[in-house]
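Undergrad:
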Amino acid sequence: MSTALLLAIATASIVILLLLVIKTKVHPFVALLIVSLLVAIATGIPADKIMETIFSGMGNLLGHITIIIVLGAMLGAVIEASGGAESLAQRFSKSLGIKRTVAALTMAAFILGIPVFFEVGFIIVIPLIYGFTKVARVSPLKFGLPMAGVMLTVHVALPTHPGAAAAAGILHTDMGWLMMLGILISIPVGIVGYYVAKAMNLRQYHLSVDVLEQLQLAKPEGKPKNDAPAPGALTITGLIVVPILLIVMGTVAHTTLEEGSTLRAVMTVIGTPAIALLIALGLAAWLLGVRRGWSKEKLEDLTGRAIPSSASVILVAGAGGAFGKVLVESGVGKALALTLETLHLPLVPAAFILSLALRASQGSATVAILTTSGLLSQAVGEVTGMQRVLVTLAACFGGLGLSHVNDAGFWVVTRYLGLSVADGLKTWTVLTTVMGLSGFALTWLVWGMI
1056 MSTALLLAIA TASIVILLLL VIKTKVHPFV ALLIVSLLVA IATGIPADKI METIFSGMGN
1116 LLGHITIIIV LGAMLGAVIE ASGGAESLAQ RFSKSLGIKR TVAALTMAAF ILGIPVFFEV
1176 GFIIVIPLIY GFTKVARVSP LKFGLPMAGV MLTVHVALPT HPGAAAAAGI LHTDMGWLMM
1236 LGILISIPVG IVGYYVAKAM NLRQYHLSVD VLEQLQLAKP EGKPKNDAPA PGALTITGLI
1296 VVPILLIVMG TVAHTTLEEG STLRAVMTVI GTPAIALLIA LGLAAWLLGV RRGWSKEKLE
1356 DLTGRAIPSS ASVILVAGAG GAFGKVLVES GVGKALALTL ETLHLPLVPA AFILSLALRA
1416 SQGSATVAIL TTSGLLSQAV GEVTGMQRVL VTLAACFGGL GLSHVNDAGF WVVTRYLGLS
1476 VADGLKTWTV LTTVMGLSGF ALTWLVWGMI
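Okay, here's the thing in structure tokens:
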């Protein structure tokens, strides 16, 4: 199939998906499955491989995020019902004021994002976002957009995460310099994201009923009441930090301790995101529930109620993974990469544009960064060590932009923040693209200075 036809099919598939979700109000899960099937048929994927491809795309993603989302939702439900998130929010807001609190949480999200994968970190901070939202009586986007933006920035730019680390290996980039320059450039990119998100929050967005209920702006029947005093800010902070600390310790142990070491094996297991969240949930159930007089029935009811609210996020994200997998298997990404490669652009803009286009075409930032690095691996043969670092960073920042309907992260962010697809495109997609462009501009500026 010709490159032009493949690109036309990919473009048409996204237009059809948006029409199904925005105009005809088809549920995103169903719409994504329909479009995935249409693309698979149109691009000639063998009939006996179509459903296998869809199952593979959905299964791979759900295997990664399902446990994390459900445990994160349960942890958030326990913290929210205890009044702890609101207690922490009141203390911060009283000390700093709302404007400074948003900035402080954005800085905290930057630090959190360095060791923790984007989806995991975002789910961990959701209870805080909701708690601060209720105290400040503002939209969750006020806190959620800048926090999610900086977390995704460090996820794509720093070699503590798979995309940047693998790209460094493919392009033979110095990992230390990549880390240092990645942090130095990500800081101003995060500041840009903070102010862009602030400008976006000047207008009001309609929130989903699920999120309104989570924020107690609507009044769901039968919500458990909390009669005990709210736990202290230090307790809640500790519960948020515990899974992060365990994940960091697991990563450090895996890379520094001898293979076969018992301590390394133990830390590797408890440092996985799912186990770390399970431990945090157990601590929360004890510290916020049992020790404060909650019955076993109340804890069971709270954690059970968290599952339906997380089901929609899981299913839609999984369908997004299926759509992305079909686009990859159809050859759309390769066709686009070959088209751009023939333009013979300078290395830094070529790395950024290739990665950005691949990100837009198939959804995964990591796949976009790795594919771009592979395509440029021969072209960087003549460049210096520092120039290799900048080419790698340009590819990484390309993977930051254009997060939209074929990206599972788009659905996680928009569902938890209560955004419609149209508003998600106006906010999250625009925010990630502006931040990606900012990272590219700074990278190219440094290139011109060396």
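Reading the sequence shown from the start, the letters are residues 1056 to 1505 in our numbering. We treat Cβ as the ideally placed atom computed from N, Cα and C, and that holds for glycine.
#1: Is it the case that the region 1246 to 1261 contacts the region 1484 to 1494, given that we only count it when at least three CB pairs across the two stretches are under 8 Å?
#2: Just how far apart, CA to CA, sit T1108 and I1124?
#3: Report all residues from its chain with a CB closer than 6 Å to the CB of V1383; omit the five preceding and five following residues, and keep chain order.
#4: May I ask which residues mark the beginning and end of the alpha helix (DSSP H) holding P1328?
#5: Counting pairs of Cβ atoms below 8 Å between the region 1304 to 1313 and the region 1337 to 1350, do you hit three or more?
#6: Below 8 Å on the Cβ atoms is my guess for A1128 versus A1361; work out the distance and round it to an integer in Å.
#7: Work out the CA separation of E1352 and P1243 for me, nearest whole Å.
#8: Do you know offhand how far F1084's Cα is from G1440's?
#9: Tell me, to the nearest whole angstrom, how far the beta carbon of L1160 is from that of V1444; I am working on the premise that it is less than 8 Å.
#10: In angstroms with no decimal places, state the Cα-to-Cα distance between N1281 and T1487.
#11: Any idea if K1149 is buried or exposed, counting beta-carbon neighbours within 10 angstroms, 16 or more meaning buried?
#12: Under three-state DSSP, which class holds A1172?
#13: Q1145 by DSSP, collapsed to three states: which one?
#14: Ignore the nearest five residues each way along the sequence and tell me which others in L1151's own chain have a CB closer than 7 Å to its CB.
#15: For V1422, which of S1137, F1452, V1324 has the nearest alpha-carbon?
#16: By the 10 Å Cβ neighbour count, where 16 or more other Cβ atoms means buried, how is A1059 classified, buried or exposed?
#17: The ligand MG and E1268: does the residue's C-beta get closer than 7 Å to at least one heavy atom of that ligand?
#18: Taking only the alpha-carbon atoms, compute the straight-line gap between L1411 and L1431 and give it to the nearest angstrom.
#19: Assuming M1235 is part of the alpha helix (DSSP H), what are its boundary residues?
#20: Which of helix, strand or coil does DSSP assign to S1428?
#21: Could you tell me which of P1404, D1103, E1135, V1171 sits nearest to V1190, measuring between CA atoms?
#22: Quick one: grab the DSSP three-state call for Q1433.
#23: May I ask you to report which of helix, strand or coil DSSP gives K1080?
#24: Would you kindly check if the distance between the Cβ of A1063 and the Cβ of T1358 is under 8 Å?
#25: Report the residue from T1426, V1368, A1449 whose alpha carbon sits nearest the alpha carbon of A1405.
#26: Let me make sure I understand the geometry here. Which of L1370, H1399, D1478, I1408 has the alpha-carbon closest to that of M1255?
#27: Quick one: grab the DSSP three-state call for V1438.
#28: Using the Cβ count rule (16 or more neighbours within 10 Å means buried), how would you classify W1341?
#29: Throw me the rounded Cβ distance for the G1199 and L1472 pair, which I believe falls under 8 Å.
#30: Cβ of S1137 within 8 Å of Cβ of A1285?
#31: Could you pull out every residue in the same chain whose Cβ sits closer than 8 Å to the Cβ of L1425, ignoring the five residues on either side in sequence?
#32: Short check: CB of V1467 to CB of F1177, under 8 Å?
#33: Return the first residue and the last residue of the alpha helix (DSSP H) that G1491 is part of.
#34: Alpha carbon to alpha carbon, how far is D1265 from M1322? Give it in angstroms, no decimals.
#35: Among G1237, F1172, L1236, which residue has its Cα nearest to the Cα of L1207?
TA: The short version:
#1: Touching, yes, given that three or more Cβ pairs across the two stretches are closer than 8 Å.
#2: A direct Cα-Cα distance of roughly 23 Å separates T1108 from I1124.
#3: The answer, listed in chain order, is Q1417.
#4: It spans 1328 to 1339 - the alpha helix (DSSP H) in which P1328 sits, taken as one unbroken run.
#5: Note that the region 1304 to 1313 does not touch the region 1337 to 1350; fewer than 3 beta-carbon pairs, one per stretch, sit closer than 8 Å.
#6: A Cβ-Cβ distance of about 4 Å is found for the pair A1128 and A1361, placing them in contact under the 8 Å criterion.
#7: Their Cα atoms are separated by approximately 48 Å.
#8: Rounded to whole angstroms, F1084 to G1440 spans 45 Å at the Cα level.
#9: That pair is no contact at about 30 Å.
#10: At N1281 the pLDDT is 48, less than 50, meaning the model places this residue with poor confidence; the figure from the coordinates comes in the next sentence. Using only the alpha carbons, I get a separation of about 39 Å.
#11: By the neighbour-count rule (16 or more Cβ atoms within 10 Å), K1149 is not buried but exposed.
#12: Here residue 1172 is Phe; the residue named in the question, Ala, does not match the sequence. Three-state result, F1172: coil.
#13: Here Q1145 sits in helix by DSSP.
#14: Cβ contact annotation for L1151 (same chain, cutoff 7 Å, sequence separation greater than five): A1159, in chain order.
#15: Among S1137, F1452, V1324, the Cα nearest to that of V1422 is on F1452.
#16: It is exposed - the Cβ of A1059 has fewer than 16 other Cβ atoms within 10 Å.
#17: With respect to small molecules bound, the structure shown includes none, and the ligand MG cannot be examined in it.
#18: Taking the straight line joining both Cα atoms gives about 14 Å.
#19: For M1235, the enclosing alpha helix (DSSP H) stretches over residues 1230 to 1255.
#20: Of the three classes helix, strand and coil, the one that applies to S1428 here is helix, per DSSP.
#21: Closest in C-alpha terms to V1190, from the list P1404, D1103, E1135, V1171, comes E1135.
#22: Three-state result, Q1433: coil.
#23: Of the three classes helix, strand and coil, the one that applies to K1080 here is coil, per DSSP.
#24: No; because the gap between Cβ atoms is not below 8 Å, this pair is not in contact.
#25: Among T1426, V1368, A1449, the Cα nearest to that of A1405 is on A1449.
#26: With distances taken between Cα atoms, M1255 lies closest to D1478.
#27: In the structure shown, the three-state DSSP call for V1438 is coil.
#28: Exposed, because fewer than 16 other Cβ atoms sit within 10 Å of the Cβ of W1341.
#29: Contact between G1199 and L1472 holds, with the beta-carbon distance rounding to 5 Å and staying under 8 Å.
#30: Yes; because the gap between Cβ atoms is below 8 Å, this pair is in contact.
#31: Answer for L1425: G1218, A1221, A1222, I1225, listed in chain order.
#32: Cβ atoms of V1467 and F1177: closer than 8 Å.
#33: G1491 -> alpha helix (DSSP H) spans 1485 to 1504.
#34: Straight-line Cα distance between these residues: approximately 36 Å.
#35: When only C-alpha atoms are compared, the closest one is F1172.
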